[in-house]
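So for the sequence shown, the numbering used here puts the first residue at -18; every next one is plus one. Note that CB positions come from ideal geometry on N, CA and C, so glycine has one too. Below: one structure, written as structure tokens.
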Amino acid sequence: MTLEQIPDLEISYDINLAKYTAARLGGVADLVAIAHTTQALLQAAYWAHQHKIAWYIVGGGSNILVADRGIRGLVILNKSRQVHIDAETGQVTADSGVGLATLARRCMANGLKGMEWCVSVPGTLGGAVVNNAGAHGSDMASHLVSAQIVDFTYSSTPTTWPCEAMQYAYRYSALKGQHQRYIVLSATLQLEAGHVPEELNKIANEFITHRKRTQPPGASLGSMFKNPEGDYAGRLIEAAGLKGYRIGGVEVSRVHANFFVNVDNATAEDYAQLIAHVQKTVYEKFGVHLELEIELIGEYSPT
Ligand SMILES: Cc1cc2nc3c(=O)[nH]c(=O)nc-3n(C[C@H](O)[C@H](O)[C@H](O)COP(=O)(O)OP(=O)(O)OC[C@H]3O[C@@H](n4cnc5c(N)ncnc54)[C@H](O)[C@@H]3O)c2cc1C
């Protein structure tokens, strides 16, 4: 089967990825396929695998920094969006391309408690499963029962991974950073049934208010670095005197120093230089190595 023959897949060539990433930047991908179903997602990856073409899955693009020179190969944009909610048992099964915040709202409307923390976390369910996204004291690991995953090392047939197989830790899973290998097709979550939607909304709205007060608006990637054990990356960056520090069009936020905001047509290279500068400065001042939470993908210059 050719790529064009795969149902529910829209193909285009030489597409600038800026509009598909939260930082609103990034170069051109040779080939972009928008997958509207999990079947299309799997078939597109399988096609690339068979033709030995590099492939990358992009969900909301909210945790990736795409290189200015772009991506050679196939970018599969995941728009698979089936959701099944069982309001009585609290079990929810959704395609990996569903927006995390949209899913949270639907769960809350059905009286299911557990996903309020992610009403303002951008991205897809798949990206959240891969990154063990979390906020306000909760995370994916707390709710995931299992996920349908393909591991191309062994086969193109999906298998069910129980939550334990993900090896979850803080913003980490066994799947993270493993391009051309894994696809998360769907995930099953266990939530608490029987709650009053208005009360869940109230909790979620408090989280949103807190975010608006503590995080900057504008194009960014959320937290750039993981919090080091027993400390906060933002606190260290601020204590190093870097709030407001700018390279090219990107600036260390004056509201929250772990956010780097694209204030004026920043390039990925601006970001890469700011990342290196912040890591070096924090290391020199405090002896702490800040580990990236976000992922750099595409053709970067060797460091
Ligand atoms: C303003 C802002 C606030 C944020 N706040 C938070 C927060 O509070 N907590 C938090 O944890 N994160 C936060 N983030 C980061 C981001 O929202 C999460 O990491 C999110 O889960 C990423 O999902 P995504 O769909 O955008 O992933 P993408 O950025 O599209 O992809 C991330 C990685 O996952 C892989 N991937 C995506 N989908 C699949 C799939 N179906 N199968 C296999 N691999 C896949 C990609 O190939 C890539 O390697 C924030 C980001 C922004 C911009």
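- Nearest in C-alpha terms to Gln159, of all of Ser101, Leu170, Met147, Lys224, is Met147.
- Setting aside the 5 residues that flank it on each side, Ala238 is surrounded in the same chain by Gly215, Ile218, Glu219, Lys224, each with a C-beta closer than 6 Å to its C-beta; the list follows chain order.
- Distance between Lys33 and Val231, taken at the CA atoms: about 36 Å.
- Per DSSP, Leu84 is one residue of the alpha helix (DSSP H) stretching across 81 to 90.
- Checking the 7 Å criterion, the Cβ of Val39 is within range of a heavy atom belonging to ligand 1.
- Selection Ala85, Ile57, Val64 evaluated against Trp98 yields Ala85 as nearest (Cα-Cα).
- At a threshold of 7 Å, Glu97 does not count as near ligand 1, since its beta carbon sits no closer than that to any of the ligand's heavy atoms.
- Scanning its chain for C-beta atoms nearer than 8 Å, with the 5 sequence neighbours on each side dropped, one finds around Leu273 the residues Met205, Phe206, Lys207, Ile256, in chain order.
- Of the heavy atoms belonging to ligand 1, at least one sits nearer than 7 Å to the Cβ of Gly158.
- Between Thr140 and Ser77, the C-beta spacing is not below 8 Å.
- In this structure Gln129 is buried. Its beta-carbon is surrounded by 16 or more other beta-carbon atoms within 10 angstroms.
- Remark: C-beta atoms of Ser43 and Gly118 do not approach each other more closely than 8 Å.
- For Pro178, the three-state secondary structure derived from DSSP is helix.
- Counting C-beta atoms within 10 angstroms of its own C-beta, Ala90 has fewer than 16 neighbours from the protein chains shown and is therefore classed as exposed.
- Selection Asn246, Arg227, Thr2 evaluated against Gly203 yields Thr2 as nearest (Cα-Cα).
- Assignment of Asn186 by DSSP, reduced to helix, strand and coil, places it in the helix class.
- Placement of the Cβ of Ile164 at a distance of less than 7 Å from at least one heavy atom of ligand 1 is found.
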